[in-house]
Ligand SMILES: *Cc1c(COP(=O)(O)O)cnc(C)c1O
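What follows is the structure, given as C-alpha cells:
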C-alpha cells in the first residue's frame, strides 16, 4: 500500500543548522517527515497507516472521520481514500458550505462526502452514543477519530523512531490531538531509549486536556516521563502572530526547510526559546520531528 501511495519512508534525519543562541552547546537534528509525501501530511500518514491497511484487508468501502475545516487529518485521509477506492464521509466542525477552505475543496475534488456539523453536535464526536448512532446507520464503515489519534495509530508513529538507529537525549514534537506524542512515548519504551526525554509542544490551548488525551491513548503501564510545554501555542489552535510568520520565513530561508505557523513553526520557536533558556544540558543530542503540514499552509 505504501508503494501504491508513493510513500517515501524512511524519512531522513538531518543536522539542523541554525545560529540560535545556545545552539552551540548541543547537537540539533531534524527528522524530515515533511518529505514523506507532497500531499499526505507526514504524521498523518504515520497515524493512518495501519488503519488504512486494515481497511484494505477487510475490504472496507467507507471510512467516517472528523475534523475542522483546515484539518490536515481529513485532507490526508481524503487523498488516501480516493487513491485506495474507499468512500470518505467527513464530518466537519462548522458550516463551510458557502465558502469551503482549500482543504475542503480538495476533499470535494477527491469525491469525499462532507457533512457540516454545528459546534454543539461536533462536541459529541467521541461520545459513545453519538458514535453508535453513526455505526448503526453505516454498519460497514470504519470510524476513525479526530486527528486519526487512536490506539491503532501508535505502531505507525513508532516507526518514526524505529527507522533510524541514532540515539537522542531529547525529542521534540508538536501536539494537537496527542497521537504522535503517544506513539513516540510507546516507541521509546520498546526501542529501549528510556533515557530519551520527550517534549511535546502544545499547538493549542489545552493544559491538562492534552495530557489527558495522550494518557488515554497509552496502556496503563506506559512510562510517565514525558512533558507537554504549554507556553508556545500563540493564543490557540491556528492562532499566530506576525512575529511567528516572520520566524517561519526566516527559518525557511536560512535552512531550506519549510515550516508553517500551525504546528512545525510553533515547535521550532519553542526549540529556539528553550535553547536560549539553557534548557538542554551541554552535549545534548536534540531531535525535532518535522511533522509536515505544509500542504495546509494555504489561505
Ligand atoms: C496533526 C498534526 C500535528 C499534531 O499531531 P497529533 O498527533 O494530532 O498531536 C502536528 N503537526 C502536523 C503538521 C499535523 O498535521
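Residue numbers (UniProt numbering): 1 to 299. Glycine included, every Cβ here is placed at the ideal spot set by N, Cα and C.
So residue i is in the alpha helix (DSSP H); what residue range does that whole segment cover?
i           : result
residue 113 : No alpha helix (DSSP H) holds residue 113; the beta strand (DSSP E) holding it covers 113-117.
residue 15  : Where residue 15 is concerned, there is no enclosing alpha helix (DSSP H), although the beta strand (DSSP E) it sits in stretches over 13-15.
residue 98  : Taken as a continuous stretch (DSSP letters only), residue 98 belongs to no alpha helix (DSSP H), as it is neither H nor E.
residue 264 : 264-276
residue 6   : First-last for residue 6: undefined, no H or E at that position.
residue 295 : Element bounds for residue 295: n/a, residue is neither H nor E.
Out of the options, which has the shortest C-alpha to C-alpha gap to residue i?
i           : options            : result
residue 162 : 191, 108, 186, 252 : 191
residue 17  : 6, 7, 29           : 29
residue 286 : 270, 297, 296, 293 : 270
residue 88  : 33, 61, 32         : 61
residue 288 : 265, 282, 122, 73  : 265
residue 126 : 110, 112, 143, 183 : 143
residue 55  : 19, 194, 85        : 85
residue 119 : 69, 296, 76, 15    : 69
residue 202 : 168, 251, 237, 188 : 237
residue 11  : 248, 213, 67, 36   : 36
residue 204 : 6, 267, 168, 58    : 267
residue 111 : 137, 128, 77, 121  : 77
residue 169 : 279, 177, 284      : 284
residue 171 : 152, 65, 194, 156  : 194
residue 164 : 2, 14, 248         : 14
residue 309 : 25, 130, 58, 74    : There is no way to answer for residue 309, as the model of the chain reaches only from 1 to 299.
residue 24  : 174, 280, 240, 290 : 280
DSSP has residue i in a bridge; who is on the other side?
i           : result
residue 27  : 285
residue 56  : Per DSSP, none; premise fails for residue 56.
residue 230 : For residue 230, which the question treats as bridged, DSSP gives no partner whatsoever.
residue 135 : In DSSP, residue 135 forms no bridge with anything.
residue 73  : Bridge partners of residue 73: none, in fact.
residue 37  : Residue 37 pairs with nothing; no bridge assigned.
residue 32  : 290
Along the chain, where does the beta strand (DSSP E) that runs through residue i open and close?
i           : result
residue 142 : 142-144
residue 90  : 87-93
residue 62  : 62-67
How should residue i be labelled, buried or exposed, when 16 other C-beta atoms within 10 angstroms of its C-beta is the threshold for buried?
i           : result
residue 211 : buried
residue 256 : exposed
residue 221 : exposed
residue 123 : exposed
residue 242 : exposed
residue 231 : exposed
residue 145 : buried
residue 299 : Note that residue 299 scores a pLDDT of 48, beneath 50, so its modelled location is shaky and nothing firm can be said.
residue 382 : Past the boundaries of the shown model lies residue 382; the chain is included only from 1 to 299, so the question cannot be answered.
residue 245 : exposed
residue 260 : buried
residue 149 : buried
residue 6   : exposed
For residue i, decide whether its Cβ has a neighbour in chain B, counting only Cβ atoms nearer than 8 Å.
i           : result
residue 265 : Reference to chain B is not applicable here, since this structure consists of a single protein chain.
Q) Can you list, in chain order, the stretches of the beta strand (DSSP E) that have 3 or more residues and sit fully within the segment 159-227? A) Complete beta strand (DSSP E) runs here, min 3: 170-175, 197-202.
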